[in-house]
Amino acid sequence: MELLRLLRKSGVPQVRHVAAESDAYGYDIAAGCSTEHVHLEVKSTTDPTRLVVHLTRHEYEVMATDPDWHLVAVLVGRDGSAVSVATVSRAWLYSAVPVDRDEAGRWESVRLEVPAHAITPGFSAKAWQLAEDWPVASRPLWAFQPSVPLPSRA
1383 MELLRLLRKS GVPQVRHVAA ESDAYGYDIA AGCSTEHVHL EVKSTTDPTR LVVHLTRHEY
1443 EVMATDPDWH LVAVLVGRDG SAVSVATVSR AWLYSAVPVD RDEAGRWESV RLEVPAHAIT
1503 PGFSAKAWQL AEDWPVASRP LWAFQPSVPL PSRA
């Protein structure tokens, strides 16, 4: 997984691909240092024109209870390398998932087309810095215009 390589290259001291062990975590990568940990759900795509992700109920429920959980999108190039990395707004995810209307039915997975205002280029953590050469698009990507400031997100 390309994001694992980028995290390790950035010098993040603890990087673990937990999805290779079990789906029970509700995220793919656990990373961090002694003062901060993050749990990254990674969604990859080869389509630079729109960001569509599939989120399971379990992933959503983990997000709802885990403040360290983040949804990271990776645009993958033809050679399999990361062309761009971006973070999807938690607040937007909360607003976009369906609501169960009856006890007899509940959603188990959802397909979400992420709008530009819910995407922030790159990924950052408070306690550790990522390498400056992380791929972040310099051209319009997923309807995101880097030259246009984005509104702040939760």
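For this note's numbering, add 1382 to where a residue sits in the sequence shown, where the first one is 1.
Built from N, CA and C at the ideal position, the CB exists for glycine as well.
G1414 and A1468 closer than 8 Å at C-beta: Not closer than 8 Å, so no.
First through last residue of the beta strand (DSSP E) which encompasses A1468: A1464 to V1470
One or two residues paired with A1413 in a DSSP bridge: V1397 and V1420
Cβ-based burial, V1481 [other Cβ within 10 Å; buried from 16]: exposed
Cβ pair count under 8 Å reaching 3, the stretch 1410-1426 against the stretch 1384-1398: yes
CA-to-CA distance, H1419 to E1490, given in whole angstroms: Going from the Cα of E1490 to the Cα of H1419 covers about 27 Å.
Spatially closest choice to V1465 from A1406, P1430 and H1421, by CA coordinates: P1430
Beta carbon of V1454 nearer than 8 Å to that of L1386: no
According to DSSP, residues forming a beta bridge with G1487: D1484.
Under the three-state DSSP convention, the category A1500 falls into: Collapsing the DSSP output to three states places A1500 in a helix.
Beta carbon of H1452 nearer than 8 Å to that of R1493: no
Exposure label - A1402; buried when at least 16 CB within 10 Å: So A1402 counts as exposed.
Buried versus exposed call for Y1476 [16 or more other C-beta atoms within 10 Å across all chains shown]: exposed
Enclosing beta strand (DSSP E) for T1438 [first to last residue]: L1433 to T1438
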